[in-house]
Amino acid sequence: MTHDLSPVGRVLRSSTTEFVVGCQDLARVPTFGSFVKVKAHDGIWVYGAAYNVLIDDDPFVRQIIGNPHIPREVALDQKENRQTPIEVKVLVLGYARDGLVYQYLPPQPPATLSDVYPCTASEVTAFTDQLSYLRTILFTPQIPADELLAANLREAYLRRGGDREFLVEAGREAARLLKDEYDRLKAILSRIRPSLFRSSTPEPARRRGVT
Amino acid sequence: MRERQRIGTVIQGSLLEGLTAKLEPSASVESMRVGNFVVIEGQKKQFFSLITDVALDATNEQVLLDPPAGADDFANSILAGTSTFGTVKIAPMLMLDVESSLEDQGLRPVKTVPSHFSPVYEADEDDFLRVFQEDTVSGVERVGKKKFFEIGKPLNMEVPVCMDLERFVERSNGIFGKSGTGKSFLARLMLSGIIKSHAAVNLVFDMHNEYGWETQSEESGHFVKGLRQLFGPQVLSYTLDPESTRNRNVQPDGVVVIGLNQIQVEDVALLQEELNLTSTAVESSYLLVDRYRERWLQELLNMDAETLRDFARESGAHPEAMAALKRKLDMIGRLGFVKEHVDDSVIDEIVRSIESGRHVILEFGRYDNPRAYILVANIITRRIHDLYRKKTERYQQTKKPEDRPRQLMITIEEAHKFLNPVAARQTIFGTIAREMRKYFVTLLVIDQRPSGIDTEVLSQIGTKITALLNDEKDIEAVFTGVSGGGRLKGLLAALDPRQQALVLGYAVPMPVEVRARSYDEAFYKAMGHRERDEQRREAEKARMELFGE
């Protein structure tokens with residue numbers, strides 16, 4: 265399988281339900297809620313959504329943190345050439361094999377040091393054509409599930425080229441899953457309203473209006 | 002598989018209470034209408050059903066307590082069909098065994114319910130045709146024994162809804178509706194169908210001169226043709242008031258006069274309410290009959306105060322009651338069409354016309370009051386009743402098909418005056434409504450107050466064609482004798498006040514709401530009517546074909 269994009273990092277730790285990506289460059293860290301994929305055994309590509317970015321300290325930062333004047337190159341070095349990796353937690357949402365998408369947990373987690381890639385627009389579209397992964401996000405304990413779902417749907421909406429129909433369908437799936445938790449549903453819906461995207465949709469006319 | 006619009010899924014219900022279906026998110030609750038015809042595809046059977054109620058529901062109370070902000074289209078479109086959804090109540094009416102062999106694929110009354118989550122579809126044209134057949138009376142000539150007549154179209158589709166006229170005339174029928182909802186128009190339609198199909202002979206007591214000749218349509222203000230004009234000499238128009246008929250530039254086929262000798266106590270008893278008679282007064286008239294026989298009324302009206310007192314003393318009648326009886330019956334004597342002595346010739350003529358299969362419409366002209374109407378209708382009908390009883394007995398004896406009496410349908414308006422609980426037990430109409438089906442005579446009752454009709458009679462009414470009714474009691478009355486009728490009540494109050502009617506009963510396989518057919522040129526044509534110049538053209542064409550130039 266070819267990749268349109270270069271890897272964002274490598275697998276640091278992994279389990280069946282989630283894995284941690286070690287990244288070197290803060291600028292290339294997967295954003296909250298975005299889709300990433302990693303190759304596991306047997307031609308399986310494990311898909312997941314990034315949900316927690318941990319920028320850990322190292323002994324050097326501890327020493328220098330109290331210094332009133334931190335040299336600019338040191339700060340830049342912390343961003344671009346870190347001693348300790350930036351850790352990105354990824355919630356496993358499903359996997360793909362031979363072009364088919366399965367929205368349940370893969371048989372095996374990815375091995376450490378496997379390359380992790382961001383998903384392309386067409387991969388996001390193919391994966392989000394099914395919506396049963398919403399359940400995985402909503403009912404995984406101890407993650408900011410509602411925020412993650414909203415961020416993930418916003419991302420998918422944009423990668424699908426501003427597909428309102430998709431947002432409505434996803435909203436409906438969420439409404440079905442949260443039939444007893446209307447407050448959560450409302451919070452999620454308020455975070456994925458299409459009107460939120462007005463200023464960021466790639467419409468040339470709008471862009472020009474912004475100075 | 003046909004492409005029908007799926008509107009929902011059966012989620013619960015019972016045969017008695019009806020089914021509940023959850024609407025699909027794509028089906029707008031606003032486009033569901035009470036009375037719509039839907040089909041449920043069960044696993045083994047198709048269920049032809051009616052929507053009887055539409056409701057809003059939510060999976061969670063919270064949604065209702067905290068609805069999304071007014072302008073939030075997005076949230077609304079998501080919640081619609083998921084957290085909030087519409088449900089419809091469905092009354093299954095008929096079922097069809099899908100698996101059974103083609104020969105016995107008959108529609109049967111429902112005896113079970115579809116299984117859980119059976120899909121509900123909006124009925125399409127094929128479903129309507131399967132249930133309501135094709136029009137074989139008007140429209141294209143077809144070979145076939147059954148006489149199906151299009152009464153109208155369903156509210157949301159262009160397919161004919163047909164009635165089985167042979168079944169229709171087999172039992173007494175009712176056309177009900179508030180004043181101004183088109184009862185006489187519906188009656189004209191049905192009468193036309195029956196005349197055209199020869200399903201029965203009609204005798205119409207036409208109180209307001211609406212059926213025989215041209216009348217102004219209440220709706221459009223245009224003049225519409227009467228049955229005499231549509232069907233020519235097959236229909237005879239008699240009148241009680243030749244003057245009024247001639248004033249309308251119409252030549253009646255006969256004039257009816259009633260003799261005092263033809264009036265019986267039974268007729269007077271029927272007028273008890275109209276004339277405000279006490280029951281003592283009615284009973285005293287039997288004393289008169291005892292002495293004077295058929296001349297009783299004539300003698301009574303000729304008595305002066307003295308003779309009346311003498312008669313009361315001799316016969317033991319209450320003098321005041323006798324005086325009241327005379328005073329009130331004087332009104333009958335003063336009716337223009339009542340003569341002292343009349344032989345039965347005119348009535349016999351009417352009876353003979355009916356026997357020969359010609360339809361009779363009796364206009365009342367200016368005597369359009371209930372008093373004259375009840376009196377005349379009762380006298381004539383009594384005679385016909387006797388005749389049919391004899392004929393039927395003869396037929397039962399000989400069993401020859403040619404002796405079989407012609408099916409007769411008698412149309413009466415203001416039927417609650419004849420068939421109210423008191424009158425229904427005494428008048429000939431009550432008897433006909435209850436048991437004359439066996440003697441080939443049935444009634445078509447036209448009324449705006451069905452609750453005034455005796456329930457025993459109502460329950461015997463075969464087919465009911467009902468326009469809008471609002472009064473709770475009237476609606477109740479219409480559904481007397483209809484199983485599961487309670488569920489259909491909503492339909493009746495939701496009808497449009499014009500041209501719409503609910504048809505239920507013996508002549509249709511299941512209740513259905515219709516937009517009644519227009520009574521216009523196209524209808525005249527379907528009934529075989531041709532304008533004069535058209536006839537002339539046809540005659541000319543025939544002449545050319547026969548003889549050439």
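Line order of the protein sequences matches chains A and B. Under our numbering, residues 265 to 475 are what the first sequence spells out, in order. Under our numbering, residues 2 to 550 are what the second sequence spells out, in order. The beta carbon of each residue, even a glycine, is placed where N, CA and C say it ideally should be. Because the structure is a prediction, the values reported are computed rather than measured.
Chain-ordered neighbours of residue i on chain A, where CB pairs are closer than 8 Å
i: B:T467; result: Ordered by position in chain A, no residue passes the 8 Å Cβ test against B:T467, which lies about 42 Å from the chain.
Supposed close pair residue i, residue j - CB separation, criterion 8 Å
i: B:P451; j: B:K418; result: Wrong, their Cβ atoms sit about 13 Å apart, outside the cutoff.
i: A:K303; j: A:P374; result: 7 Å
i: B:T216; j: A:A439; result: About 59 Å; that fails the 8 Å criterion.
i: B:D268; j: B:N379; result: 5 Å
i: A:Q288; j: A:R346; result: 6 Å
i: B:R109; j: B:R438; result: Not a contact, Cβ separation roughly 24 Å.
i: B:V343; j: B:G260; result: 3 Å
i: B:L16; j: B:V132; result: Contact flag wrong, Cβ pair sits at about 19 Å.
i: B:I264; j: B:I375; result: About 11 Å separates the two Cβ atoms, so there is no contact after all.
i: B:A517; j: B:L187; result: 6 Å
i: B:D448; j: B:G175; result: 7 Å
i: B:E514; j: B:Q501; result: 7 Å
i: B:I454; j: B:A478; result: 7 Å
Own chain partners of residue i with C-beta closer than 8 Å, once the 5 adjacent residues on each side are dropped
i: B:I8; result: A22, L24, E25, A28, M33, V39, V89, V121, Y122, E123
i: B:L489; result: L51, T53, A92, F480, V483, L503, L505, P512
i: B:Q47; result: V40, I41, M96, L97, V99
i: A:L398; result: L413, A434, E437, A438, L441
i: A:L269; result: Y381, P382, T384
i: B:D345; result: Q263, R384
i: A:V284; result: V275, L276, R277, S278, E351, V352, K353, V354
Residue i CB to nearest heavy atom of the ligand PLP below 6 Å
i: A:L431; result: As for the ligand PLP, it is missing from this structure, which has no ligand bound.
DSSP bridge partner residues for residue i (one or two, in chain order)
i: B:G255; result: B:Y239
i: B:K401; result: Bridge partners of B:K401: none, in fact.
i: B:C163; result: B:E151
i: A:C287; result: A:I350
i: A:Y397; result: Answer is none; A:Y397 lacks a bridge partner.
i: A:W309; result: A:K303, A:A360
i: A:Y381; result: A:K301
i: B:D58; result: B:F86
i: A:S278; result: A:F283
i: B:F48; result: B:I41, B:M96
i: B:F186; result: Answer is none; B:F186 lacks a bridge partner.
i: B:P120; result: B:T10
i: B:A540; result: For B:A540, which the question treats as bridged, DSSP gives no partner whatsoever.
i: B:R174; result: Note that residue 174 of chain B is Asn in the sequence shown here, rather than Arg. B:L445, B:T464.
i: B:D207; result: B:E364
i: A:N316; result: A:K353
i: B:E514; result: B:L503
i: B:V225; result: B:T216
i: B:S15; result: B:G19
i: B:M410; result: B:N203, B:T443
Chain A residues whose Cβ lies nearer than 7 Å to that of residue i
i: B:I79; result: V432, G435, R436, A439, L453
Residue i: contacting residues in chain B (beta-carbon distance under 7 Å)
i: A:R457; result: F75
i: A:K443; result: T60, N61, S84
Contact set between residue i and chain B, taken where Cβ atoms lie within less than 8 Å
i: A:Y446; result: N61, Q63, V64, D67, S84
6 Å Cβ shell around residue i - same chain, five flanking residues per side excluded
i: A:S316; result: Before going on, a small fix: residue 316 of chain A reads as Asn here, not Ser. Here the set comprises K353.
i: B:V144; result: Note that B:V144 scores a pLDDT of 44, beneath 50, so its modelled location is shaky; the value from the coordinates is reported in the next line. Around B:V144: no qualifying Cβ.
i: B:E142; result: Here the model assigns B:E142 a pLDDT of 46, short of 50, so the residue's position is not dependable and the matter cannot be decided.
Minimum Cβ-Cβ distance from residue i to chain C less than 7 Å
i: B:T246; result: The structure shown has no chain C; the protein chains it does contain are A and B.
Residues near residue i in its chain [Cβ-Cβ closer than 7 Å; skip 5 each side]
i: A:D320; result: T348, E351
i: B:F430; result: T382, I413, F419, L420, L444
i: B:Q235; result: I196, R359, H360
i: B:E18; result: none
i: B:F548; result: none
i: A:I334; result: I328
i: B:I348; result: I381, R384
The region 327 to 335 of chain A in contact with the region 437 to 457 of chain A per 3-pair CB rule at 8 Å: Judged by Cβ distances under 8 Å, the region 327 to 335 of chain A makes no contact with the region 437 to 457 of chain A, as fewer than three pairs qualify.
The region 365 to 373 of chain A / the region 387 to 396 of chain A touching (three or more Cβ pairs under 8 Å): A contact exists between the region 365 to 373 of chain A and the region 387 to 396 of chain A.
Cβ contact (3+ pairs, closer than 8 Å) linking the region 172 to 187 of chain B and the region 335 to 346 of chain B: Look at the beta carbons and you see the region 172 to 187 of chain B not touching the region 335 to 346 of chain B: under three pairs across the two are nearer than 8 Å.
Stretch pair the region 383 to 391 of chain B + the region 406 to 417 of chain B: three plus CB contacts closer than 8 Å: A contact exists between the region 383 to 391 of chain B and the region 406 to 417 of chain B.
Contact the region 467 to 474 of chain B vs the region 424 to 443 of chain B: 3+ CB pairs below 8 Å: Touching, no, given that fewer than three Cβ pairs across the two stretches are closer than 8 Å.
Three or more C-beta pairs below 8 Å linking the region 242 to 251 of chain B and the region 355 to 374 of chain B: Contact holds between the region 242 to 251 of chain B and the region 355 to 374 of chain B, because three or more Cβ pairs, one in each stretch, are under 8 Å apart.
Three-pair Cβ contact test at 8 Å for the region 266 to 279 of chain B versus the region 314 to 332 of chain B: Contact holds: three or more Cβ-Cβ distances are below 8 Å.
Validate contact between the region 403 to 415 of chain A and the region 449 to 461 of chain A using beta carbons, cut 8 Å, 3 pairs: Short answer: they touch.
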